[in-house]
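What follows is one structure encoded as structure tokens, with my remarks underneath.
As structure tokens, then:
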């Protein structure tokens, strides 16, 4: 008979409830993971606050969390290369591998994506805010001993930053402006530096985030209210990671002729844009959605500490205080909030 | 003493006046061209109607026309490879060759561009609506005998279409939607077909242009009022060549996940855009400005008649009827209007 | 009880034998195809002559043929989008869709590729030289009525030419030299022309092939013995489709600084190369292996007759004369030899 | 009357002689530089040993040295942005800015390149092994105070490494093998690490260089005699920086399917290559010649000490001991040898 475990289920807006439920059993190609650490992402916060995230409306309770790491507790019969006790981090994407996007290598755009901790399909797919979860073995990346759980749980957002930078093409020697000094904006900063970008400026209205940006290697940090982007010279690259309509528009003005704007942030309204400038300056305005092929590279950068994400983890709560953890994300001091399974 | 000639000068909005003026003399690296044919471009029409074009305000009378071809009438002392009597078409771009954009191969974005028939610098640079003009020899492309003057004068807009398609990357096998069935839209259609694009659909409110699009190889032509783009399946490519705000917005909706939107049209107002869709669909929204490196390829396609631009030339006027020619551009039947020097 | 059919099995070098065998049954995701036309590829000829092809040594009799088209004779239970009677052409690649190459969009390099009519895995995979074969439904491309069987069976080699051209990047306006006027070389010629390449020169020792090249749009055709490549000006692109060691070396000499060489031909020995020239001229020497993502684009080009492959099909034999067909491939006049199922 | 200075002229193979000569005068767009440090490059060594370098045969005595930095001693009338006393490093490339390669952004392939300290044109162009030289102001890059002269003189070879890595495209997360642990090989190592490459292995027959490679961040270092590359797993990238024929061949074997080989080393003989493997593995074999657009990015990486080249500078000699300096380059312990002007 299968054993029981605790799952922390989002049952309605602003309420996660601990439930006693059956521990899942790994299929032939799957592993069972005893969860150690889960990060809270912006989309988790959206679901938490509104019981929906953009177009994805939750129809029934489910478990959030797609920034997950833990220890392998059991392996399915066909699993090779992983053993019980291995420390792993989990790629939350389960693309179909059959559609045209998958076969062309852009599985982040998969027509039939299944994604941990998401209401994008129904039944919804439970995420990592529970004691155990099963995932395909291929979604697990084994961790070097030196890597802390907090870092391992940050690989997923780091891989998003890597993808955004990859969308921008060669960054070496280029000047970049990042709007938004939250988790993704700061990870883009760290990534750009580790890929050879020249100067990187971060824009954020919160003073504490600007300070952190400078500590992490930004050549300057701006308050967008000051309108200072224009005084900072030309930027070949602009990463919009704030979701603020004003920043989306500023991107078109502040990016140099021939430059590249990458949209990573979630923008909830239509934004009036000077599209003629996009043409006259021959800008490339590129969406960047989730991540693709970046778990391996990101893990390597973390393992070598060429990127150190630990300063970004401002809050850690025990999983039993999950509602308090979500409340903490509202603090302007919060960058990444994680949940610990002890 | 230098000889006289007629120049057709834009003296104020909606008035071009024939002036008797000195024939220019070719510098050492220049050739003197006896003009045979000049096409009227959308930017010429803007200058004609408003004495300005976007940010470029005319401060004094000048000569329009940058779609120019003619016969070499004299060669400067250092010119090699061209002789008197050669039929040539003229590249109107005179980049500085020194700035960072020039040295990186994107001379269309040159910081110090001089452009024929434009008020972008002061003194303004006279264009081709005159009996003779001088241009650097390197801006001349010799024409094969088989090419008609009308085709030669259409190489400049064709090169703009080629650049726009080049911005989109590999087009072979892709489905494309073009909004706008004017000169540029139809040239994009011809270009896409000659670069291997699969089906190309053209959207234009004018029935005559839709008919021409189908004759030229479009798989379908839509009236944008009908909102039919959505019924046409997925488009990997969208070329916005109409300048209409509605089309700019439609581009974001009608382009498939992972697809590419190219803005070529001049859009006079800010347009509210669903920027979140750009992110979620991971679109690439690319400005395309003028042209770069495309005169040679375009001339080859014309010379082989792999692209035949002649059906697009709906009106030809003698240069002495230049004001009538500009009036004709207002007809919905007009695609390309050209001026003949007899 | 399953019905019988004829299969034309390669039983040893230079001997194909008709065998009575059970007609295969389509699996849930498969279709049964009544074969109409099969082309003979260079690798088929290798297997036929030597009972091996490069590193792939046949261990037991098997059925050749991967340029296959026919009519759907039965559909598995889960097949959607295809019906009995549909005319289809078959993509012979069955990649695993799981390995790193598949997930990055380069499934032609799949670590676990299964390929029709090949001894690359054991048991070998029977190809199309039989009355019926089963293939995954997703490997079938439905044909427009206007397309002849002979053209449909040529889509596979055309897709190889398309891939080779795709490896070379943008070809529009570039001058190309193709060494080898066999099927692949001539298909590269047709493809380059339909993708906007400027002049294309073909080099082949056989006069008849040079004549065909010029008829198909080559601007010139050379006898490599004459060493004339150097007199033809600069080539930005060089496609090596002959497999001749001399041509492999010539490619490095004849390609312009900054140019691209694509190796498509099978070269059986090591070739001494002036590698310093590759460095000093900054060449890009690119292998091109089979094809990836090109069946759709190729079919569109065939359907529109923007590429007409019919002149290349120099010989057609009934399947019962399959040994004679292989003998015919040795004629210098032969380009593509096909087998007909009546 | 112009002042005198010392120039250290290569007068024949293996003999550099101090000459008293007139100090040059800066033209309108030029600056006069008081040289502080010059590095000795492999091509300098070739000229020194043989009075020629590959195809470039010296016809008369000239001054070597293109890895040059110093202090601005005078500015021409039109120079802006530089002042007397500025510390600068010099880009030795003087492309024509007019030819097709220049206008397409690949000025390293310029048809009319003038290069400091080279016999590639006649009269030869004197390099930096003299007290003063004049160069176009645009070839100067101003140094931050923190940068040492030794580092500034190493920017030129670093920019070559950056270009080689740029040829390889995105390197983040990839495994690389570098053959050759000399200056360029080790700079490629440092560059790959600073651009996010995963593991980098260096192969060199000299134990001291292997030790230095590991100190500089290589995950392993191999003796090529041991044939160990095959035991190191798959390499997506292979940089050939040794010039050894064996390494050129190994590259084709050791690089993974779909991988990229970059040739940077000078290889003096033809090398028999398994070209069929290039095709079957679909390799990209890319020449990399000198450098283009990489002085700015390289200077930024040096200025931030994200790349520290100082450990590579194994020997420094006063300019008066220039012949001893060249002798020192023959020691297996030597990596970069520089000349000091005191």
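Residue numbers (my numbering), protein chains in the order written: chain A, 123 to 464; chain B, 123 to 464; chain C, 123 to 464; chain D, 123 to 464.
The C-beta atom is built at its ideal place from N, Cα and C for all residues, glycine as well.
Minimum C-alpha distance to residue i - residue among the options
| i | options | result |
| --- | --- | --- |
| residue 409(B) | 399(A), 188(A), 457(A) and 417(A) | 399(A) |
| residue 449(B) | 152(B), 170(B) and 132(B) | 170(B) |
| residue 166(C) | 248(C), 229(C) and 194(C) | 248(C) |
| residue 212(A) | 197(A), 200(A), 193(A) and 226(A) | 193(A) |
| residue 452(A) | 136(A), 125(A) and 382(A) | 136(A) |
| residue 190(B) | 182(B), 203(B) and 163(B) | 163(B) |
| residue 243(D) | 254(D), 266(D), 265(D) and 215(D) | 215(D) |
| residue 368(A) | 420(A), 418(A) and 346(A) | 346(A) |
| residue 418(B) | 210(D), 222(D), 376(D) and 208(D) | 222(D) |
C-alpha gap between residue i and residue j, whole angstroms
| i | j | result |
| --- | --- | --- |
| residue 123(D) | residue 148(D) | In this prediction, residue 123(D) has a pLDDT of 48, which is less than 50 and means its spatial position is unreliable; what the coordinates show is noted afterwards. Whole-angstrom Cα-Cα distance: 14 Å. |
| residue 256(A) | residue 364(C) | 53 Å |
| residue 444(A) | residue 348(A) | 36 Å |
| residue 160(C) | residue 447(C) | 11 Å |
| residue 141(D) | residue 253(D) | 11 Å |
| residue 412(C) | residue 285(C) | 8 Å |
| residue 180(C) | residue 143(C) | 20 Å |
| residue 334(C) | residue 328(C) | 10 Å |
| residue 109(B) | residue 422(B) | Because chain B in this structure spans residues 123 to 464, residue 109(B) falls outside the shown range and cannot be described. |
| residue 336(B) | residue 178(B) | 36 Å |
| residue 403(C) | residue 234(D) | 14 Å |
| residue 258(C) | residue 197(C) | 10 Å |
Neighbour flag for residue i against chain F, beta carbons, 9 Å
| i | result |
| --- | --- |
| residue 392(C) | Absent from the structure is chain F; the protein chains it does hold are A, B, C and D. |
9 Å Cβ cutoff met for residue i and residue j
| i | j | result |
| --- | --- | --- |
| residue 224(B) | residue 150(D) | no |
| residue 325(A) | residue 343(A) | yes |
| residue 396(C) | residue 462(D) | no |
| residue 503(B) | residue 308(B) | Look at the range of chain B in this structure, 123 to 464, and you will see that residue 503(B) is not part of it. |
| residue 153(C) | residue 185(C) | no |
| residue 113(A) | residue 378(A) | Missing from the structure shown is residue 113(A); chain A here goes from 123 to 464 and no further. |
Sequence-distant residues of its chain with Cβ nearer than 7 Å to residue i (five each side left out)
| i | result |
| --- | --- |
| residue 464(C) | 440 |
| residue 134(B) | 173 |
| residue 228(B) | 414 |
| residue 145(B) | 124, 125, 126, 127 and 254 |
| residue 130(B) | 138, 140, 185, 251, 252, 441 and 444 |
| residue 206(B) | 194, 195, 196 and 197 |
Range covered by the alpha helix (DSSP H) that runs through residue i
| i | result |
| --- | --- |
| residue 420(B) | 417-425 |
| residue 368(D) | 367-376 |
| residue 496(D) | Any question about residue 496(D) goes unanswered here, given that chain D covers just 123 to 464. |
First through last residue of the beta strand (DSSP E) which encompasses residue i
| i | result |
| --- | --- |
| residue 189(D) | 189-197 |
| residue 466(D) | Nothing can be reported for residue 466(D): it is not among the residues displayed for chain D, which extend from 123 to 464. |
| residue 440(C) | 435-440 |
| residue 254(C) | 254-258 |
Cβ-based neighbour list, residue i, same chain, cut-off 6 Å, excluding 5 preceding and 5 following
| i | result |
| --- | --- |
| residue 382(C) | 290, 359 and 406 |
| residue 339(B) | 315 |
| residue 294(A) | 318 |
| residue 313(D) | 283, 284 and 287 |
| residue 168(D) | 175 |
| residue 208(C) | 194 and 264 |
Spatial neighbours of residue i in its chain, beta-carbon cut-off 8 Å, leaving aside the 5 residues before and after
| i | result |
| --- | --- |
| residue 297(D) | 319, 320, 321, 322, 323, 355, 356, 357, 358 and 359 |
| residue 436(B) | 455, 456, 457, 458 and 459 |
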